[in-house]
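Trainee: So the protein lines, in turn, are chains A and B.
Start counting the first sequence at 92; every next residue gets the next number (the numbering used here).
Start counting the second sequence at 92; every next residue gets the next number (the numbering used here).
Number of protein chains: 2
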Amino acid sequence: MKPENAILLRSLLETRPVAALGTLHDGKPLVSMVPFAVFRMEGAAGFLIHVSGLSAHTRDMVAHPDVSLMIVESEDEAETPLAIARVSIACEAVPVAHDAQEYGVIARTYLKKFPEAEPLLNFTDFHFFLLVPRSARFVAGFAQAMTLGADTIESMLETAN
Amino acid sequence: MKPENAILLRSLLETRPVAALGTLHDGKPLVSMVPFAVFRMEGAAGFLIHVSGLSAHTRDMVAHPDVSLMIVESEDEAETPLAIARVSIACEAVPVAHDAQEYGVIARTYLKKFPEAEPLLNFTDFHFFLLVPRSARFVAGFAQAMTLGADTIESMLETAN
Numbered sequence: 092m093k094p095e096n097a098i099l100l101r102s103l104l105e106t107r108p109v110a111a112l113g114t115l116h117d118g119k120p121l122v123s124m125v126p127f128a129v130f131r132m133e134g135a136a137g138f139l140i141h142v143s144g145l146s147a148h149t150r151d152m153v154a155h156p157d158v159s160l161m162i163v164e165s166e167d168e169a170e171t172p173l174a175i176a177r178v179s180i181a182c183e184a185v186p187v188a189h190d191a192q193e194y195g196v197i198a199r200t201y202l203k204k205f206p207e208a209e210p211l212l213n214f215t216d217f218h219f220f221l222l223v224p225r226s227a228r229f230v231a232g233f234a235q236a237m238t239l240g241a242d243t244i245e246s247m248l249e250t251a252n
Numbered sequence: 092m093k094p095e096n097a098i099l100l101r102s103l104l105e106t107r108p109v110a111a112l113g114t115l116h117d118g119k120p121l122v123s124m125v126p127f128a129v130f131r132m133e134g135a136a137g138f139l140i141h142v143s144g145l146s147a148h149t150r151d152m153v154a155h156p157d158v159s160l161m162i163v164e165s166e167d168e169a170e171t172p173l174a175i176a177r178v179s180i181a182c183e184a185v186p187v188a189h190d191a192q193e194y195g196v197i198a199r200t201y202l203k204k205f206p207e208a209e210p211l212l213n214f215t216d217f218h219f220f221l222l223v224p225r226s227a228r229f230v231a232g233f234a235q236a237m238t239l240g241a242d243t244i245e246s247m248l249e250t251a252n
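#1: Run through chain B and tell me which residues come within less than 8 Å of S102/A, C-beta to C-beta.
#2: Determine the contact status of G144/B and H218/B, defining contact as a CB-CB distance below 8 Å.
#3: Sort E183/B, A97/B, H116/B and M124/B by Cα distance to R150/B and report the nearest one.
#4: Hey, quick one: how far does the alpha helix (DSSP H) through A241/B stretch, first residue to last?
#5: The region 229-242 of chain A: which residues have C-beta closer than 7 Å to a C-beta of chain B, in chain order?
#6: Would you please verify whether the beta carbon of K119/B is less than 8 Å from any beta carbon of chain A?
#7: For D216/B, would you say it is in contact with chain A, using Cβ-to-Cβ distances shorter than 8 Å as the test?
#8: Strictly under 8 Å for the Cβ-Cβ distance: is G113/A near chain B by that measure?
#9: When you check each C-beta in the region 175-195 of chain B against every C-beta of chain A, which residues fall closer than 8 Å?
#10: For chain A, check one thing: does any of its Cβ atoms lie closer than 8 Å to the Cβ of M152/B?
#11: Could you please give the first and the last residue of the uninterrupted alpha helix (DSSP H) stretch that includes L212/B?
#12: For chain B, is any of its Cβ atoms less than 8 Å away from the one on T106/A?
#13: Quick check: what's the CA-CA separation for Q192/B versus K203/B?
#14: DSSP beta-bridge partners for R131/A?
#15: With DSSP as the reference, please indicate the residues paired to A236/B in a beta bridge.
#16: Name, please, each residue of chain B whose Cβ falls closer than 8 Å to the Cβ of S226/A.
#17: According to DSSP, what are the bridge partners of F205/A?
#18: In chain B, which residues lie with their C-beta within 7 Å of the C-beta of A208/A?
#19: In chain B, what lies closer than 9 Å to F205/A by C-beta?
#20: Let me check understanding here. Comparing Cα to Cα, which of H141/B, M237/B and V196/B lies closest to L212/B?
Printed below as a string of structure tokens:
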């Protein structure tokens with residue numbers, strides 16, 4: 092990957108506030124919006140989302156853990172909407188139990204990016220999921236598309252600020 | 092729907108440049124980015140997208156016309172990322188043949204919003220699809236979600252500027 096594209100991709104993963112989550116809903120795709128935070132620990136890196144157990148996408152992820160997470164560049168950065176950079180990451184959605192050993196560090200990581208979410212952590216029907224990347228399609232701009240392996244995404248997540 | 096929410100929804104449909112398209116890809120959801128334009132003609136209203144026949148989402152739409160289109164408010168408008176307004180619209184993707192009677196008006200409608208796309212119209216492997224709304228889930232802000240029927244979305248599309 093060209094160095095400038097690596098910088099762009101890392102910026103998408105690190106700085107964007109929300110992503111589009113694609114789940115399988117009654118056999119059809121469903122896209123919803125999710126705030127996300129990058130999470131790294133020894134042996135694992137991925138995207139944290141915090142979702143309501145009552146929402147469709149949460150039920151979908153439990154039934155079908157294969158999801159798609161798309162992160163899009165700010166439209167202010169692109170010359171034209173057609174050239175907005177974006178990355179679509181195929182992920183496996185892994186639920187985080189409220190009594191999991193890593194729950195505390197997961198909650199702190201998420202709240203560092205979204206302190207305003209703190210009241211939601213008191214609701215027992217809200218849950219963290221870790222979206223573990225499997226592969227990705229990165230479009231750095233017009234006619235600049237590339238397929239990336241899980242190792243490329245993970246190494247970016249592990250070494251990012 | 093409250094009048095302020097109707098104004099917000101109409102603004103999302105009319106003014107946002109791109110949307111997140113969810114398709115069914117090898118049995119899994121795939122989210123990609125698409126520029127879109129609202130299209131209205133007698134007896135039909137929906138969202139126009141212009142896509143490459145070589146891309147995954149185009150093959151997906153041909154195989155499985157049930158798609159999800161999510162349009163998200165500009166993050167600059169929301170107080171927090173958690174409250175960004177968005178609408179997820181379940182649509183049926185209908186391909187537009189290059190020799191269709193309405194091709195000219197469709198191309199003009201799309202180019203009015205994206206004049207920079209004109210060179211792409213000369214590529215024979217680029218195609219318009221009309222995404223016809225079937226139902227929608229509109230989140231106007233935090234804890235303000237509502238389900239909308241196709242008639243509500245269509246009437247907004249038909250009467251918008």
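Every residue, glycine too, gets a C-beta built ideally from N, C-alpha and C.
Since the model is a prediction, treat every value here as computed from it, not as a measurement.
Mentor: Reading from the atomic positions:
#1: Within chain B, no C-beta atom comes nearer than 8 Å to that of S102/A; the closest sits roughly 15 Å away.
#2: Yes, these two residues count as a Cβ contact at 8 Å.
#3: Of E183/B, A97/B, H116/B and M124/B, the residue nearest in Cα terms is H116/B.
#4: Counting along the chain, the alpha helix (DSSP H) containing A241/B begins and ends at A241 to T250.
#5: Per Cβ criterion, the list is empty.
#6: With 8 Å as the cut-off, K119/B counts as an interface residue toward chain A.
#7: It does not: the Cβ of D216/B has no partner Cβ on chain A nearer than 8 Å.
#8: Taking Cβ atoms only, chain B reaches closer than 8 Å to G113/A, which makes this a yes.
#9: Taking 8 Å as the cut-off between beta carbons, the residues of the region 175-195 of chain B near chain A are I175, R177, S179 and A181, in sequence order.
#10: Taking 8 Å as the threshold, the shortest C-beta distance from M152/B to chain A does not fall below it.
#11: No residue range can be given for L212/B, since it is assigned to no alpha helix (DSSP H) and is classified by DSSP as neither H nor E.
#12: Output row for T106/A: interface = no.
#13: Rounded to the nearest angstrom, the two C-alpha atoms are 19 Å apart.
#14: R131/A is bridged to A136/A.
#15: Answer is V230/B.
#16: In chain order: nothing, as chain B lies at least about 11 Å away.
#17: The bridge partners DSSP lists for F205/A come to none.
#18: Within 7 Å Cβ-Cβ: L173.
#19: Simply T171, P172 and L173.
#20: Each of H141/B, M237/B and V196/B was checked against the Cα of L212/B, and the nearest Cα belongs to H141/B.
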